[in-house]
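Visitor: My structure is below; once you've seen it, I'll send some questions.
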DNA sequence: CCATGAAATGAGAGTAGCTCTCAAAATATA
DNA sequence: TATATTTTGAGAGCTACTCTCATTTCATGG
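Protein chains in written order, with our numbering: chain A, 56 to 266; chain B, 56 to 266.
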C-alpha cells in the first residue's frame, strides 16, 4: 500500500524503479522467505523475530519496519486490488454469487500459480495458530469493507446500511470457513470447487432443507 | 470450566458451594470490575495488568490464573450454554432464522438486563481495540461450531460438511457485524431489531435486488 | 481443636513481541 | 564531490505472558 503511492513521486513511470525501491522489495521478500523456511523447520511459535532477522540478514528493527506484526509476515498478500478491479469489471446483470465465483477463482488461480506452497502453508497456519487466524479474520473484515463498496455500486444500496454490511461480512465469514475447511482436510479438495459450493449455500441456503 | 468439573467431588450438591469456590467467584468478579473501571478511566491500551491486579487487590500472577489473556477479562461471557439449550428447545418446524431470532433475543435480554453498561462497553471495545475484536471473532468462531452441531441435529445434515460449516460461519459473521454496527452507531438502535433485520438478510438475501 | 493434605496465592525471574530514539550508513540529487 | 534524504542498526524500554517455588489459606479426619 505505502509503496504503491510512493512509487510515482514526480517522474513518469520508469521501468527500473531505482535502487532504493529494488532493495526494499528484496528485503521484504527476504524476510518473508526466511520466515516461511523457519516456520517449516521449527513451527510458528518457536520461530522468533530475532531468528527471522538473522536469516534474512537484517536487524530485528528492520523486520518490524517492514511488517507491523509477526503474523503479518505470514499472511500479507496483495490480491485485494486485483480482486476489486475484477469485481467491478464483471457484467452488470451477473448475479453476485457468480461475480464472486469469478473473482475468487481469478485470485486463487493467481495465488496458487505464483506460490502454491505458501498459499497452503498460510491456510494451515490459519488453522493451527490462533494469532495467525485472528490476523486473517482482521484482513477478511477489511476485504469485507471493500466488498460492500463494490456491491453498493452494483446494487445501488447504501454501503453503510446494516443490510449490506451484514451481507458482506456473512459472505466473508463463509469464505473464511472454506479456507479453514480446505486446510483441515489436508488441502485434498480443489479449493475453487469449495468456493463455488460455499457461494451456492450463501445464495440458495442449505440443501435438503425440508420442502 | 475447571470449576464445574471440580464442583462435585464426592458429596451431593450443596446450596453453599464452600468458601473456596465463593472466594474464587469473588476474585474473578473483582478482576473484571477493576478492569472495566480502569478502561473507562484510561482506555484499554493504557491499562496494564499490573494496574488491574493492584485495584483488584491480587497479584498479577493471579490475574493470569483467572484469565488467559487481557482481552479475555473483557469479553468472556457465559451465555453459550444458555443459548444452546434455548436452541434445542425450539419447536422442530420453526425456520432456522426464527429459531436464531428467539435465541439471540433471549441471550440479549439476559445480557442487557444483567449488566447493560458492560454489554455496551464490550461492543465498543470490539470496534476500537483490534485485539479485543480479534478475541471476539475467535469466540464467535467457537460459538459457530456449537451452532452447527445444533443445526445438524435439526436438519439431519452432517455437522462436518462444508455446507453446514459455511452456513454457520456466515451466520456468525453477520451477527458479528451487527455488534460492530450497533457500537459504531453509538448504541442508538435496539439491537434486537438489528439482529432480526440481519437474520432476514441471511434468510432472504438483500432487499431491493432486481426481480 | 488440631494435624495433615490439597488448593490458591504471591513473589520473582525469564521470554518475546513490539516501540522509540538516535547515530551511522546507503542512496539520491545538485 | 558535496549535500540532503532515506534506510538501517544498535540498544534501551515497556508489557503481555509463562514458569517455578515457597507461603498461605482452606478442607477434612481424628
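C-beta: ideal position from N, C-alpha, C; glycine also.
Start and end of the alpha helix (DSSP H) containing residue 212 of chain B?
Guide: If you number the second chain from 1, residue 212 of chain B lands on position 157. No alpha helix (DSSP H) holds residue 212 of chain B; DSSP gives it neither H nor E.
Visitor: Please determine, among A/172, A/157, A/154, the residue with the shortest C-alpha to C-alpha distance to residue 95 of chain A.
Guide: The count along the first chain starts at 1 and reaches residue 95 of chain A at position 40. Comparing Cα positions, the closest option is A/172.
Visitor: Run through chain B and tell me which residues come within less than 8 Å of residue 185 of chain A, C-beta to C-beta.
Guide: On the first chain, position 130 is the one that residue 185 of chain A refers to. Those are 193, listed as they occur along chain B.
Visitor: For the alpha helix (DSSP H) containing residue 99 of chain B, name the first residue and the last one.
Guide: Here residue 99 of chain B refers to the residue found at position 44 of the second chain. That residue, residue 99 of chain B, is in no alpha helix (DSSP H); it is neither H nor E in DSSP.
Visitor: Please report whether the beta-carbon of residue 138 of chain A lies at a distance below 9 Å from any beta-carbon of chain B.
Guide: Taking the first chain and counting its residues from 1, the one referred to as residue 138 of chain A is at position 83. Not one chain B Cβ lies under 9 Å of residue 138 of chain A.
Visitor: Per DSSP, what kind of secondary structure is residue 135 of chain B in: helix, strand or coil?
Guide: One-based indexing of the second chain puts residue 135 of chain B at position 80. For residue 135 of chain B, the three-state secondary structure derived from DSSP is helix.
Visitor: Would DSSP call residue 158 of chain A helix, strand or coil?
Guide: As a working mapping, residue 158 of chain A is identified with position 103 in the first chain. Here residue 158 of chain A carries a helix assignment [DSSP, helix/strand/coil].
Visitor: Residue 232 of chain A and residue 220 of chain B - do their beta-carbons sit closer together than 9 Å?
Guide: Reading the second chain from its first residue, position 165 is the one you call residue 220 of chain B. Reading the first chain from its first residue, position 177 is the one you call residue 232 of chain A. Yes, they are a contact pair.
Visitor: Ends of the alpha helix (DSSP H) at residue 124 of chain B?
Guide: One-based indexing of the second chain puts residue 124 of chain B at position 69. That residue, residue 124 of chain B, is in no alpha helix (DSSP H); it is neither H nor E in DSSP.
Visitor: Tell me whether residue 232 of chain A sits in a helix, a strand or coil according to DSSP, three-state version.
Guide: Mapped onto the first chain, residue 232 of chain A falls at position 177. Here residue 232 of chain A sits in helix by DSSP.
Visitor: Here's the rule: buried if 16 or more other CB atoms are within 10 angstroms of the residue's CB, otherwise exposed. What is residue 74 of chain A?
Guide: Counted from its first residue, the first chain places residue 74 of chain A at position 19. Residue 74 of chain A comes out exposed.
Visitor: In terms of residue numbering, what span does the alpha helix (DSSP H) encompassing residue 180 of chain B cover?
Guide: Position 125 of the second chain, counted from the start, is the residue given in the question as residue 180 of chain B. Counting along the chain, the alpha helix (DSSP H) containing residue 180 of chain B begins and ends at 171-183.
Visitor: Who are the near neighbours of residue 244 of chain A in its chain, counting only those whose CB is closer than 7 Å to its CB and skipping five residues on each side?
Guide: Mapped onto the first chain, residue 244 of chain A falls at position 189. Closer than 7 Å at the Cβ level, and outside the excluded window around residue 244 of chain A, lie 237.
Visitor: Using 8 Å as the threshold, is the segment 166-184 of chain A in touch with the segment 126-142 of chain A, meaning 3 or more CB pairs across them?
Guide: yes
Visitor: Answer with yes or no whether the minimum CB distance from residue 221 of chain A to chain B is below 9 Å.
Guide: As a position in the first chain, residue 221 of chain A is number 166, starting the count at 1. Chain B contact via Cβ: present.
Visitor: Compute the beta-carbon to beta-carbon distance between residue 90 of chain A and residue 121 of chain A, rounded to the nearest angstrom, for a pair I have assumed lies under 8 Å.
Guide: Here residue 90 of chain A is taken as the residue at index 35 of the first chain, counted from 1. Here residue 121 of chain A is taken as the residue at index 66 of the first chain, counted from 1. That belief does not hold up - the Cβ atoms of residue 90 of chain A and residue 121 of chain A are roughly 11 Å apart, past 8 Å.
Visitor: So which residues on chain A does residue 99 of chain B lean against when the C-beta distance must stay under 9 Å?
Guide: Stepping through the second chain from its first residue, residue 99 of chain B is reached at position 44. Within chain A, no residue comes near residue 99 of chain B; the closest Cβ sits about 16 Å away, beyond 9 Å.
Visitor: With a Cβ-Cβ cutoff of 9 Å, do residue 205 of chain B and residue 163 of chain B count as a contact?
Guide: Here residue 205 of chain B refers to the residue found at position 150 when the second chain is read from its first residue. Here residue 163 of chain B refers to the residue found at position 108 when the second chain is read from its first residue. No, the Cβ-Cβ distance between residue 205 of chain B and residue 163 of chain B is not below 9 Å.
Visitor: Since I believe residue 253 of chain B is in contact with residue 230 of chain B (beta carbons under 8 Å), could you give me their beta-carbon distance rounded to a whole number of angstroms?
Guide: Within the second chain, residue 230 of chain B is the residue found at index 175, counting from 1. Within the second chain, residue 253 of chain B is the residue found at index 198, counting from 1. Yes, they are in contact, since the Cβ atoms of residue 230 of chain B and residue 253 of chain B sit about 6 Å apart, within 8 Å.
Visitor: If you draw a straight line from the alpha carbon of residue 212 of chain B to that of residue 257 of chain A, how long is it in whole angstroms?
Guide: Reading the second chain from its first residue, position 157 is the one you call residue 212 of chain B. Reading the first chain from its first residue, position 202 is the one you call residue 257 of chain A. Rounded to the nearest angstrom, the two C-alpha atoms are 16 Å apart.
Visitor: What's the C-alpha gap between residue 109 of chain B and residue 152 of chain B?
Guide: For the purposes of this step, residue 109 of chain B is taken as the residue at position 54 of the second chain. For the purposes of this step, residue 152 of chain B is taken as the residue at position 97 of the second chain. About 46 Å.
Visitor: DSSP three-state call for residue 254 of chain B: helix, strand or coil?
Guide: Position 199 of the second chain, counting from 1, holds the residue named residue 254 of chain B. In the structure shown, residue 254 of chain B sits in a helix (DSSP, three-state: H, G or I).
Visitor: Go ahead and pull the three-state DSSP assignment for residue 114 of chain B.
Guide: Here residue 114 of chain B refers to the residue found at position 59 of the second chain. Three-state DSSP puts residue 114 of chain B in coil, outside helix and strand.
Visitor: Closer than 8 Å by C-beta to residue 166 of chain A: which residues in its own chain qualify, once you throw out the five before and the five after it? Chain order, please.
Guide: To locate residue 166 of chain A, count along the first chain from 1; it is residue 111. 132, 134, 174.
Visitor: In whole angstroms, what separates the C-alpha of residue 260 of chain A from that of residue 255 of chain B?
Guide: Numbered from its first residue, the first chain carries residue 260 of chain A at position 205. Numbered from its first residue, the second chain carries residue 255 of chain B at position 200. Roughly 13 Å separates the two Cα atoms.
Visitor: Please go through the same chain and pick out, in chain order, the residues whose beta-carbon is closer than 7 Å to the beta-carbon of residue 194 of chain A, but skip the five residues on each side of it.
Guide: Looking up residue 194 of chain A in the first chain gives position 139. If we look at residue 194 of chain A and ignore the five residues flanking it on each side, its Cβ neighbours are 130.
Visitor: Looking only at C-alpha atoms, which of A/136, A/192, A/145 sits nearest to residue 225 of chain B?
Guide: Here the question's residue 225 of chain B lines up with position 170 in the second chain. Checking every option, the nearest Cα to that of residue 225 of chain B belongs to A/192.
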